[in-house]
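Encoded as structure tokens, the structure appears first; notes follow it.
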Amino acid sequence: MCILGRDELLKLIEKYKCIYPFDLNLLDGDGYVLTVKEETTLQYLEHKNLISNEIVFTPPNIVAHLTAKSKYGRMGLSFLNAAKVHSGFVGRLALEVVNLNNDRTPITIKRGDPFMHIEFITRIGEPSPYIGEYQFQYMTDEEIKMYIPILREVFKNYDALAKIWFRNRRIEF
Numbered sequence: 000m001c002i003l004g005r006d007e008l009l010k011l012i013e014k015y016k017c018i019y020p021f022d023l024n025l026l027d028g029d030g031y032v033l034t035v036k037e038e039t040t041l042q043y044l045e046h047k048n049l050i051s052n053e054i055v056f057t058p059p060n061i062v063a064h065l066t067a068k069s070k071y072g073r074m075g076l077s078f079l080n081a082a083k084v085h086s087g088f089v090g091r092l093a094l095e096v097v098n099l100n101n102d103r104t105p106i107t108i109k110r111g112d113p114f115m116h117i118e119f120i121t122r123i124g125e126p127s128p129y130i131g132e133y134q135f136q137y138m139t140d141e142e143i144k145m146y147i148p149i150l151r152e153v154f155k156n157y158d159a160l161a162k163i164w165f166r167n168r169r170i171e172f
């Protein structure tokens with residue numbers, strides 16, 4: 000297992016839309032910096048889920064690791080959720096945060112602010128794609144339809160997976 004370098008990450012993004020929308024200016028070292036979809040202010044001790052503006056897709060041979068931008072940690076924002084994206088996941092990420100600012104002052108994260116580093120890591124072994132309830136979270140039907148051809152390409156058992164992924168959706172994919 001190893002972290003993908005910039006050149007390999009760019010190939011992955013181009014081929015599979017692993018980050019969408021993608022902004023070349025948000026590449027950072029061997030990773031990418033996800034931004035926030037909507038402006039949010041957290042009061043002291045308040046917990047919220049911040050949603051990434053970008054959709055993230057991790058192909059079967061990839062997992063992703065998240066780390067917070069230190070700027071927010073220095074302000075007193077604490078990150079609560081797991082720092083991993085399972086292989087086969089596609090959707091916007093919900094980033095769970097709480098304001099623990101020592102001065103007990105509000106913290107504002109603006110729409111489009113660089114917020115969370117994501118690094119893509121190769122994995123070995125048979126694919127075990129994500130089949131949980133958060134598949135396609137915070138995506139529109141149009142965005143989901145954009146990923147269907149990609150999912151069909153990368154998952155030989157797409158039809159079986161689709162029955163699980165779409166079992167609670169009213170629309171046919």
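In numbering that gives the first Met the number 0, the protein residues as written are 0 to 172. Just so it is clear, CB atoms sit at the ideal spot from N, CA and C, and this is done for glycine as well. Predicted model only: the values in this text are computed from it and were never measured.
If contacts are defined as beta-carbon pairs under 8 Å, then residue i and residue j qualify, I think. What distance do you get, rounded to the angstrom?
| i | j | result |
| --- | --- | --- |
| residue 160 | residue 126 | Rounded, the Cβ-Cβ distance is 10 Å, inconsistent with contact. |
| residue 33 | residue 154 | That pair is no contact at about 24 Å. |
Nearest to residue i by alpha carbon, out of the options?
| i | options | result |
| --- | --- | --- |
| residue 63 | 123, 2 and 93 | 2 |
| residue 133 | 38, 35, 29 and 54 | 54 |
| residue 102 | 124, 96, 74 and 78 | 74 |
| residue 60 | 167, 140 and 0 | 0 |
| residue 49 | 43, 37, 56 and 42 | 37 |
| residue 140 | 89, 111 and 99 | 89 |
Alpha carbon to alpha carbon, what distance is there between residue j and residue i?
| i | j | result |
| --- | --- | --- |
| residue 174 | residue 80 | The question about residue 174 has no answer here: the residues shown for the chain are numbered 0 through 172. |
| residue 40 | residue 6 | 36 Å |
| residue 87 | residue 58 | 5 Å |
| residue 144 | residue 14 | 16 Å |
| residue 8 | residue 130 | 24 Å |
| residue 92 | residue 16 | 15 Å |
| residue 26 | residue 118 | 10 Å |
Where does residue i sit, in a helix, a strand or coil, going by DSSP?
| i | result |
| --- | --- |
| residue 41 | strand |
| residue 24 | helix |
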